[in-house]
Amino acid sequence: MVALEKWLITSAWPYSSVTPHLGNMVGSILSGDVIARYLRLKGREVLYVSGSDEHGTPVEVEALKAKLSVKEFADKNHNKIKELFERWEISYDNYTRTENPTHIEFVQDFYLKLQKNGYVYESTEKVHYCDKDRRFLPDRFVEGECPFCGFKNARGDQCDGCGRPIEPESLINPICVICHSPVHLKETKQWFFDLPKLEGEIKAYLTSKSIHLSDIARSFSLKLVDEGLKPRSLTRDSKWGIPAPFEGAQGKTIYVWMEAVLGYVSATIEYFKKTGNPTGWRAFWFEKDTKSAYFIGKDNIPFHTLILPGLLLGTREGYNLPSVVDSTDFLMFEGQKFSKSRRIGIWIDEALEIAPADYWRYTLLSLRPEGGDVNFKLDSFIEKVNNDLNNVVGNLVNRTVVSFEKFCGSELEAKPKLDEDSEKFIESFLKRHDEISSLYESFKIQRAVRTTILQGEEGNRFLNEKEPWKLFKTNREKAVSVTYSLLRLIRLLAVELYPITPATSETLWKNMNEQEPILSFGWDRAKEDFSYPLRIQRFPPLFKKLSREEVISKLEELRGGGRVG
């Protein structure tokens, strides 16, 4: 990863049918943002793209409930989600939508190429039909019992119980989600992607040593390959979506998952069109020294490790396949799955009414579920903000700047003479800075975040051990040495916090009186000495403690007085 220049960073496209919750945020969106910010600090050319997944049955279902046209509903939710991501400081270069003309045109042309290459065929299939509503029911308009694990509320495209993709006709005791009537199968003509033709190439890709797959992504994907890949349905009997471009497919649209995964390409194309370089996208999709990282939840694994590589291979145009597919396990809320109807969880709009985005960003990233499902608790959130951010980082910064004011008059004309302990301390946190870099390079985000806080913990330990306020009375030179070394650490922390808590990082950086923007200053130069003369004035605290009562009260107020916690 170190020697590479171009990186395409992507995060799974959130459904525009609902506002994302904290679990959606950490599983893909925040993870992609952290790596994008880190790589930019390292001087790489980074393009971070995603967008609102607006087609398919989830949006239709929610639009019906809201009594809006599907287009009105999609427009409203896309704008809301885009604005929320901006408030969460998500640094997308292009956050787009599946309703944009560039995406629609690209998808239609793409599938005509696949058809020409022999990877698309037509066949009849039996699809659920609701006699009461007089309509065919695409996947999410049908619910029933999962044939694999027995989960009672499996959707017609995927089971939330076991995570496996499923075909609607395999559901047990299916019902219509519109009217809740039993449904039956009725024959209709559809188009299919012949994924089994590419099984050998996909397995070779999955077992290649040149790609990085999280453990769960690799094992789950290989299991599906070993069981034998199945053709994937390409079209649906639905009006809302991208019209299928195949001859004889009037009235049908491309299945949402088979078009949404192509959004990574179309979002790149759209970005370069906007910037006046319409062919620039090709460098990110065809140049072999370009790498790509896809951040997803474990429920999206097969679409990114099997279907997307298969689609790209099927064009025979030499598209870059994903270099990294990094999936997380699920974030639970107080021991339960997120559920808006049952008021279980916190959604990203609610979160910002309770506390600043940086508080949530840090907490979620420190809990990132990388080795099994993780439980999010409100008490843990409050504890992490109060202890890790306020007591560790905030107090270290405040005490160091106050010491600098007292012992140095808030300025240094040149680097002071350092004692041996200060030299060793500086050496230790610079070494840890490199360790954090290595963790990001191997996509161990949670450990990188926790090691960043360890920097602050070690800084406080050194400060308490050396007690410069006492040293100043007997050995001013040593007191200045200790204070200088701590100033070096908090400037380093400003850079290390940039991927995690960007607003706080920028505030700290400006208060350190640095003239160059943090992004151009970069990760590696943060290890260097200051430019002199150095002048840093005392500034307000970076963080504010939270009280449990205040957090609970705000959440209850947001929910109209319903009891929380």
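In terms of my numbering, the sequence shown has 367 at position 96, counting the first letter as 1, and numbering is strictly consecutive. Every residue, glycine too, gets a C-beta built ideally from N, C-alpha and C.
Ranked by how close their Cα comes to the Cα of E360, the residues W284, R809, P773 have P773 in first place. By the CB criterion at 8 Å, S299 and I567 fall inside the cutoff. In the three-state scheme derived from DSSP, where H, G and I count as helix and E and B as strand, A564 is classed as strand. With the rule of 3 Cβ pairs closer than 8 Å, the region 674–694 does not count as touching the region 812–823.
Ranking V448, Y309, L829 by CA distance to the CA of E624 puts L829 first. For G585, the enclosing alpha helix (DSSP H) has its first and last residue at 579–585. For G322, the enclosing beta strand (DSSP E) begins and ends at 316–323.
P502 sits in coil when the DSSP states are folded into three classes, being neither helix nor strand.
N661 is classed as buried because its beta carbon has at least 16 other beta carbons within 10 Å across all chains shown. For V668, same chain residues with a beta-carbon under 7 Å away, outside a window of 5 residues either side, are I761, L779, L813 in chain order. Between E354 and S288, the CB-CB gap reaches or exceeds 8 Å. A Cβ-Cβ distance of about 6 Å is found for the pair F517 and Q386, placing them in contact under the 8 Å criterion. For K277, the enclosing beta strand (DSSP E) has its first and last residue at 277–282.
Separation of T775 and D465 (C-alpha to C-alpha, rounded to the nearest whole angstrom) is 50 Å. Collapsing the DSSP output to three states places L760 in a helix. Boundaries of the beta strand (DSSP E) harbouring N646: 645–647, taken from the DSSP string. For K457, the enclosing beta strand (DSSP E) stretches over residues 455–464. According to DSSP, residue pairing for C447 in a beta bridge involves V413. Distance check between S802 and each of G303, S537, L533, E682 places E682 closest, using alpha-carbon atoms only. Inter-segment contact for the region 463–479 and the region 405–422 is absent: fewer than three beta-carbon pairs are separated by less than 8 Å. Per DSSP, I625 has no beta bridge partner at all.
Distance from the CA of D431 to the CA of I617, rounded to the nearest whole angstrom, comes to 19 Å. Here S490 is exposed, its C-beta having fewer than 16 other C-beta atoms within 10 Å. Cβ contact annotation for W528 (same chain, cutoff 6 Å, sequence separation greater than five): F574, in chain order.
The beta carbon of E558 sits closer than 8 Å to the beta carbons of K277, N591 from its chain, once the five residues preceding and following it are set aside; these are given in chain order. With a beta-carbon spacing of about 28 Å, I716 and S756 fall beyond the 8 Å limit used to define contacts. Shown here, I437 sits in coil according to DSSP, grouped into three states, outside any helix or strand. In this structure, DSSP gives F743 a helical state, which the three-state scheme calls helix.
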